[in-house]
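Throughout, the working numbering is defined as the position within the sequence shown, counted from one, plus 905.
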Amino acid sequence: MELIVPADIACPHCGETFALGVDTSQSDQNLIEDCSICCRPIALTIRCRPGEIVEISSAN
906 MELIVPADIA CPHCGETFAL GVDTSQSDQN LIEDCSICCR PIALTIRCRP GEIVEISSAN
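Written out as structure tokens, the structure reads:
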């Protein structure tokens with residue numbers, strides 16, 4: 906089972922979408938990730954099961 910799962914993240918600042926590899930071995934995660942387009946920080950809340958992303962929410 907692959908634990909790193911690709912996810913498309915929509916930036917709340919510039920509106921562009923970028924790919925992010927999510928480690929699904931941890932069930933609940935709170936991350937700060939920089940947008941790969943505009944470089945502004947995005948607060949991500951990610952809920953996972955091993956090998957599966959259940960929910961991703963983002964805020965600026």
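We treat Cβ as the ideally placed atom computed from N, Cα and C, and that holds for glycine.
It should be emphasised that the depicted structure is a prediction, and the values quoted were computed from it without experimental measurement.
The C-alpha of residue 954 lies about 10 Å from the C-alpha of residue 960.
Residue 929 is classed as buried because its beta carbon has at least 16 other beta carbons within 10 Å across all chains shown. When secondary structure is reduced to three states using DSSP, residue 963 falls in the strand class. Rounded to whole angstroms, the Cβ separation of residue 962 and residue 950 is 5 Å, and the two are in contact under 8 Å.
In the DSSP annotation of this structure, the continuous segment of the beta strand (DSSP E) that includes residue 926 starts and ends at 922-928.
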